[in-house]
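> The listed protein sequences derive, respectively, from chains A and B.
Using our numbering, you'd call the opening residue of the first sequence number 1 and step up by one each time.
Using our numbering, you'd call the opening residue of the second sequence number 245 and step up by one each time.
Glycine residues also receive a C-beta, built at the ideal position from the N, C-alpha and C atoms.
Quick caveat: nothing in here was measured; it's all calculated off a predicted structure.
Let me give you the structure first, and then I'll get to my questions.
Number of protein chains: 2
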Amino acid sequence: MGTTQPEAVPEPKYWHLKTVLSDALDSEFAVGEILPNERDLAARFGVARATLRQALEQLELEGRLQRRRGVGTSVAPPRMGVAVTDAGPNRPGAAGDAWQPIGSAWEAPPAAVARLLETEPGACVHIVRRTRRTRGQIVAAELLYVPARSVPALAAGPAEDSTAVLHELQALPLDGQDRSVELGSAGADEARQLDRLPGSPVLVVTTRYVAAGRTAAVAVATYRADTCKLTFGESTPPAVALAG
Amino acid sequence: MGTTQPEAVPEPKYWHLKTVLSDALDSEFAVGEILPNERDLAARFGVARATLRQALEQLELEGRLQRRRGVGTSVAPPRMGVAVTDAGPNRPGAAGDAWQPIGSAWEAPPAAVARLLETEPGACVHIVRRTRRTRGQIVAAELLYVPARSVPALAAGPAEDSTAVLHELQALPLDGQDRSVELGSAGADEARQLDRLPGSPVLVVTTRYVAAGRTAAVAVATYRADTCKLTFGESTPPAVALAG
DNA sequence: AAGTGGTCTAGACCACCCC
DNA sequence: GGGTGGTCTAGACCACTTG
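Laid out in structure tokens, this is it:
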């Protein structure tokens, strides 16, 4: 009896909070502006800080917010469109948007990669580490796995220079490539390169380069999921994608 | 003094927990097996339940675990490879892997979509809702936005049948399409269709279909990020992708 | 009714950034 | 040193599924 209001299913507080904050972000804050701190916000909305944080986490996941320890929470700019299709190791890529080699190694790849490469588990391959910078921001960290058979001009073993591997790889005639995209979380090393905390959500792009019917190389690139929108263009998208 | 071990930077507990659990998953549990409940696990590792949950959330984000309220936490199977490239509205798609129309409407699209469609903000378009099923599982929910000009054979206004819009769209000669992939979180409606909780991470695939130099249609598909790996193949990937 | 994961609280301490 | 977000705790209650 009483006030007959079954209330159906009460929406979780953090969910309601999220929509309220999202609206406020659109109407009352500018990009880059810093929000009040979490303790104040929680008090203002009458919830515990953990609950407020749950809402902030969601908004960060959607690319609406950016949080930096010791600094504060700010309104994030729209996600950058990052072209994936032509960013392969043997396409130098656009001038201002470049992959930068960080180093190289001669090690055994993880089992999953070895399977793709069709190499013996435990066998060593060239591993080139690169980062990708778009408009000044580091947006991705990549590990490029190249089996010795794909770069016959190089002696098996550690390469003196990471660019040598990339250079040899360019000489290889490609049949094609296939790619997959999935959600992951940044490992300790990737997190450092991407300037994020470990565990941050990333988009993992695995590219398999095929030459002469075999897998010539495998690239595993992890993109910041908060700031990036991966684009796969066939026609010319530029203005629209950037306007976001 | 005591044992002089500065311990450098202590790794967060939930991070360490995650790796321990991850190893245990590989070695001691089978796919589909249900883990001990959260309270027991937390006690066993000597942490608060919230901390244990933080580790579980990460593992779920990586597609290692599946949690169902009222049931328990189980070991997830490897992610399904879901082909995106040839799954457009005018490619019927493979036989066993199909989009199923759910309904249609005649409404104004969100502002972001209207911008892509180059229609007036507030103008109505055909909206077709579909779900995609792969191996029996619903993996994606899509909203297909079709402006009236792209389907001249149909009267402007609510379509009697969602298949009519799709049928007319197939008649349109396409110049090409471009796509973007980004991280998002499921809204209340999408969550219901995907059998997930609101806020669950999803991969949002936005496809712009171009005909005669204009945007003919826009599809916004949200894929379950926990169970799906999106594939963009140019060569034939099958066995490898499925073996995961 | 019992057991599960999901939400929420009120507090504490820590790591980091900037002044 | 003072402020920020990040981690952690110990408890409570709720929503859902299953027997």
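Interface residues of chain A around B:Leu285 at Cβ under 9 angstroms?
Neighbours of B:Leu285 on chain A: none; closest Cβ ~19 angstroms, over 9 angstroms.
> Which runs of the beta strand (DSSP E) at least 3 residues long sit entirely within the region 88-162 of chain A? Give them in chain order.
98-107, 125-134, 137-146
> For B:Thr295, which residues in the same chain have their Cβ closer than 8 angstroms to its Cβ, ignoring the five residues on either side in sequence?
Counting only Cβ-Cβ distances below 8 angstroms, and skipping sequence neighbours, we find Lys257, Tyr258, Leu261, Ala286.
> Straight-line CA distance for B:Pro354 to A:Ala156?
Going by C-alpha positions, B:Pro354 is about 55 angstroms away from A:Ala156.
> Can you name, in chain order, every residue of its own chain whose Cβ lies under 7 angstroms from the Cβ of A:Asp178, other than the five neighbours on each side?
Closer than 7 angstroms at Cβ, skipping near neighbours: Arg208.
> Is DSSP giving B:Ser266 helix, strand or coil here?
Looking at B:Ser266 - three-state DSSP - the assignment turns out to be helix.
> From which residue to which residue does the alpha helix (DSSP H) around B:Phe289 run?
282-289
> Does any heavy atom of the ligand COA sit closer than 7 angstroms to the C-beta of B:Ala415?
Ligands in the displayed structure: none, and consequently the ligand COA is not present.
> Tell me the DSSP secondary structure of A:Ser200 in three-state form.
coil
> Keeping to the same chain, check which residues put their C-beta closer than 7 angstroms to that of A:Cys124; ignore five residues upstream and five downstream.
Trp106, Glu107, Ala108
> Give me the Cβ distance between B:Asp419 and B:Val449, rounded to the nearest whole Å; I'm assuming they're in contact under 8 angstroms.
Not really, about 19 angstroms apart at Cβ, beyond 8 angstroms.
> B:Gln381 versus chain A: which residues are under 7 angstroms apart at the beta carbon?
By Cβ distance, chain A contributes nothing, its closest Cβ being about 16 angstroms from B:Gln381, past 7 angstroms.
> Shortest alpha-carbon distance to A:Ala140 belongs to which of A:Gly32, A:Asp226, A:Ser22?
A:Asp226
> Within 8 angstroms of any Cβ in chain B, is that where the Cβ of A:Phe45 sits?
No, because no Cβ of chain B sits closer than 8 angstroms to the Cβ of A:Phe45.
> Of all the residues that make up the region 419-442 of chain B, which are near chain A by a beta-carbon distance shorter than 8 angstroms?
Asp419, Gly420, Gln421, Asp422, Arg423, Ser424, Val425, Glu426, Leu427, Gly428, Ser429, Pro442
> Can you confirm whether the region 17-31 of chain A touches the region 50-66 of chain A when touching is taken to mean that 3 or more C-beta pairs between the two stretches lie within less than 8 angstroms?
yes
> What residue range is occupied by the uninterrupted beta strand (DSSP E) comprising A:Leu56?
Taken as a continuous stretch (DSSP letters only), A:Leu56 belongs to no beta strand (DSSP E), being part of the alpha helix (DSSP H) at 49-61.
> Exposed or buried, which one is A:Thr19 when buried takes at least 16 other CB atoms within 10 Å?
exposed
> Let's test the definition: count the other Cβ atoms within 10 Å of the Cβ of A:Gly163 and tell me whether it reaches 16, buried, or not, exposed.
Residue identity check: residue 163 of chain A is Thr in the sequence provided, not Gly. Exposed: under 16 other Cβ atoms inside 10 Å.
> CA-CA distance, B:Gly332 and B:Ala342?
Note that B:Gly332 has pLDDT 48, beneath the 50 cutoff, so the model's placement of it is unreliable and no number is given.
> Run through the DSSP bridge pairs and tell me what A:Lys229 is partnered with.
BP columns for A:Lys229 point to A:Gly81.
> Apart from the five residues on each side of it in sequence, which residues of its chain come closer than 7 angstroms, Cβ to Cβ, to B:Arg379?
Met324
> Going along chain B in order, which residues have a C-beta closer than 7 angstroms to the C-beta of A:Leu61?
Chain B residues near A:Leu61: Leu427, Ser429, Pro445.
> Under a Cβ-count criterion, where at least 16 other Cβ atoms within 10 Å of its own Cβ denotes burial, should A:Gln58 be classed as buried or exposed?
buried
> Would you verify that the beta carbon of B:Arg376 is, or is not, closer than 8 angstroms to some beta carbon of chain A?
no
> By the DSSP assignment, the alpha helix (DSSP H) with B:Ala461 in it spans what residues?
B:Ala461 -> not in any alpha helix (DSSP H); beta strand (DSSP E) instead, spanning 458-468.
> Taking the continuous beta strand (DSSP E) assigned at A:Asp178, which residues delimit it?
For A:Asp178, the uninterrupted beta strand (DSSP E) segment begins and ends at 176-185.
> Got a sec, what are the start and stop residues for the beta strand (DSSP E) B:Arg436 sits in?
Going by DSSP, B:Arg436 is part of no beta strand (DSSP E) but of the alpha helix (DSSP H) stretching over 432-438.
> Quick check on the burial criterion: 16 or more other C-beta atoms within 10 angstroms. Buried or exposed for A:Glu60?
buried
> Between which two residues does the beta strand (DSSP E) containing B:Arg312 stretch?
Residues 309-312.
> I'd like the list of long-range same chain contacts for A:Arg53, defined as Cβ closer than 6 angstroms, with 5 residues on each side in sequence excluded.
none
> Which residue's Cα is closest to the Cα of B:Ala415: B:Ser424, B:Ala432, B:Asp433, B:Val395?
B:Val395
> Do you know how far the Cα of A:Ala30 is from the Cα of A:Val71?
17 angstroms
> Counting only Cβ pairs nearer than 9 angstroms, list the residues of chain B close to A:Ile58.
Residue identity check: residue 58 of chain A is Gln in the sequence provided, not Ile. Ordered by position in chain B, the residues that pass the 9 angstroms Cβ test against A:Gln58 are Ser429, Gly443.
> With a threshold of 8 angstroms between beta-carbons, can A:Trp99 be considered close to chain B, or not?
no
> Express the C-alpha separation of A:Pro173 and B:Pro445 in angstroms, rounding to a whole number.
Looking at the two C-alpha atoms, the distance is approximately 38 angstroms.
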